[in-house]
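Each residue of the sequence shown is one higher than the one before, counting from 133 in the working numbering. Structure first, commentary second.
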Amino acid sequence: MAYVIGSACVDIMDRSCMEECPVDCIYEGERKLYINPVECIDCGACETACPEQAITVDRLADPEHRADNRRFFEDSLSGRTAPLGNPGGATALGPVGADTAFVSGL
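Here you go:
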């Protein structure tokens with residue numbers, strides 16, 4: 133995983149990072165954005181675009197947020213029967229309308 137979006141994004145979701153991402157790997161939950169760790173190419177465009185400074189390189193990110201970001205794609209979210217996995221782009225999928233249990237509890 134190259135980048136992780138932290139708690140500063142919860143209930144803010146500026147979406148500037150989504151506009152700058154060249155591979156469309158930033159997905160929209162209900163209250164927070166998530167970077168797909170498989171689709172991310174480690175370019176850093178999202179980090180510099182985020183006005184909330186909510187994005188950081190994975191090795192420096194809070195371990196709970198790093199794990200939570202993976203869970204968004206690997207676990208079945210509320211109201212869904214299967215994990216998102218690697219959809220191949222956030223634009224075609226659209227807003228997911230659900231968050232991880234961690235973010236829902238904040």
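Cβ atoms here follow ideal geometry from the backbone N, Cα and C, with glycine treated the same way.
By the Cβ rule, the segment 156-167 counts as touching the segment 202-218, because three or more pairs are nearer than 8 Å. Assignment of beta-bridge partners to T188 by DSSP yields V136. Beyond the five residues adjoining it in sequence on each side, A230 comes within less than 7 Å, by CB distance, of G161, E162, L209, S210, G211 and R212 in the same chain, given in chain order. Of the residues assessed, D174 falls on the exposed side of the cut-off, its CB having fewer than 16 other CB atoms within 10 angstroms. Between the alpha carbons of F204 and E151 lies a distance of about 20 Å. Runs of the beta strand (DSSP E) lying entirely within the segment 171-216 and spanning at least 3 residues, in chain order: 187-189. Linking C141 to A199 through their CA atoms gives a straight-line distance of about 16 Å.
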